[in-house]
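Here is the structure we will look at.
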Amino acid sequence: MRGRKVRYNGDRSTRPMRDSVRESLFNLIGQRIKGSIVFDPFGGTGVLAIESISRGASRAVTMEQNRRTLEQIRQNVADLDLTDRISLTAGDAFRGLGALMHQAHAEEPDTPWVFLMCPPYEMFQSRIKDLNRMICFAAEAHPHGVLVAECDNFFDTAELTAAEWDVRKYGITQLALTELSSVQLP
Numbered sequence: 001m002r003g004r005k006v007r008y009n010g011d012r013s014t015r016p017m018r019d020s021v022r023e024s025l026f027n028l029i030g031q032r033i034k035g036s037i038v039f040d041p042f043g044g045t046g047v048l049a050i051e052s053i054s055r056g057a058s059r060a061v062t063m064e065q066n067r068r069t070l071e072q073i074r075q076n077v078a079d080l081d082l083t084d085r086i087s088l089t090a091g092d093a094f095r096g097l098g099a100l101m102h103q104a105h106a107e108e109p110d111t112p113w114v115f116l117m118c119p120p121y122e123m124f125q126s127r128i129k130d131l132n133r134m135i136c137f138a139a140e141a142h143p144h145g146v147l148v149a150e151c152d153n154f155f156d157t158a159e160l161t162a163a164e165w166d167v168r169k170y171g172i173t174q175l176a177l178t179e180l181s182s183v184q185l186p
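In structure tokens, the structure reads:
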């Protein structure tokens with residue numbers, strides 16, 4: 001899929017990850033992506049799920065609340081002939097992701113997870129408790145995997161739920177990576 005363009009509808013509520021940050025994210029994850037199930041609860045452009053598949057993930061589970069944006073992702077996935085590998089769900093990730101994670105764990109209990117948490121930056125202020133619950137839920141549901149959170153440099157990553165975080169800065173962006181097994185559950 002290298003060199004193929006993913007269309008973006010220009011929706012102002014969607015913030016596409018910069019190419020250089022996305023490249024750094026996949027370099028951090030490295031070979032862990034191969035054969036994994038990737039969760040992208042804040043789908044945005046869908047490019048994280050698409051690139052995950054191109055780098056060897058077995059499948060991706062993507063949620064997007066904005067229906068117009070979800071339809072653009074659906075079109076991109078269809079154009080790239082990935083409809084059998086990327087499942088798309090409309091809805092609020094804070095409400096619907098749990099059922100998708102339980103289903104994935106029931107179907108493939110031994111498959112490692114890669115959890116990409118890249119919400120709108122403002123959610124790290126307005127919904128940090130919900131984001132931390134999401135991290136804990138992922139760790140409890142399936143501790144065999146890795147989680148990467150993308151936030152801006154104004155966010156203090158010490159507010160993330162307790163875990164062994166590896167934080168990297170890229171311009172105005174931070175990537176915080178942890179093994180799900182290191183998350184300290186409440």
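full-length UniProt numbering puts the first residue of the sequence shown at 1, with every later residue one more than the last.
Backbone N, C-alpha and C define an ideal beta-carbon position, used for all residues, glycine too.
Since we're looking at a predicted model, the values are computed, not measured.
Which stretch, first to last residue, makes up the beta strand (DSSP E) that contains Leu180? First-last for Leu180: undefined, no H or E at that position.
Beta-carbon separation (whole angstroms), Phe26 vs Ile37, contact threshold 8 Å: Between Ile37 and Phe26 the Cβ distance is about 16 Å, and since that is not below 8 Å, they are no contact.
State the DSSP-derived secondary structure class of Ile172, mapped to helix, strand or coil. coil
Report yes or no: do three or more beta-carbon pairs, one from the segment 141-151 and one from the segment 107-114, lie closer than 8 Å? yes
Please classify Ile29 as buried or exposed, where buried requires at least 16 neighbouring CB atoms within 10 angstroms. buried
Mind listing, in chain order, the continuous alpha helix (DSSP H) runs of no fewer than 4 residues lying wholly within the segment 43-115? 47-54, 67-79 and 93-107
What are the boundary residues of the alpha helix (DSSP H) that includes Ala149? That residue, Ala149, is in no alpha helix (DSSP H); its beta strand (DSSP E) goes Gly145 to Asp152.
Who does Met117 pair with in a DSSP beta bridge? Ala149
If I measure Cβ to Cβ from Arg55 and keep anything under 8 Å in the same chain, skipping five residues before and after, which residues do I get? Phe26, Ile33 and Lys34
What separation, rounded to the nearest whole angstrom, lies between the Cα atoms of Tyr170 and Glu107? 36 Å
Coarse secondary structure for Asp156, derived from DSSP in three states: coil
Have a look at Asn76 and Leu177 and give me their C-alpha separation to the nearest angstrom. 27 Å
Where Leu80 and Ala57 are concerned, what is the direct C-alpha to C-alpha distance, given to the nearest angstrom? 15 Å
Start-to-end residues for the alpha helix (DSSP H) that takes in Ile37: Here Ile37 belongs to no alpha helix (DSSP H); instead the beta strand (DSSP E) covers Ile37 to Asp40.
Measuring alpha carbon to alpha carbon, tell me which residue in Ile53, Asp92 and Asp40 is nearest Gln31. Ile53
Between Leu82 and Ile50, what straight-line distance do the alpha-carbon atoms span, to the nearest angstrom? 8 Å
For Ala90 and Arg67, believed in contact at Cβ under 8 Å, the rounded distance: 6 Å
For Glu23 and Asp152, what's the separation of their Cα atoms in angstroms? 17 Å
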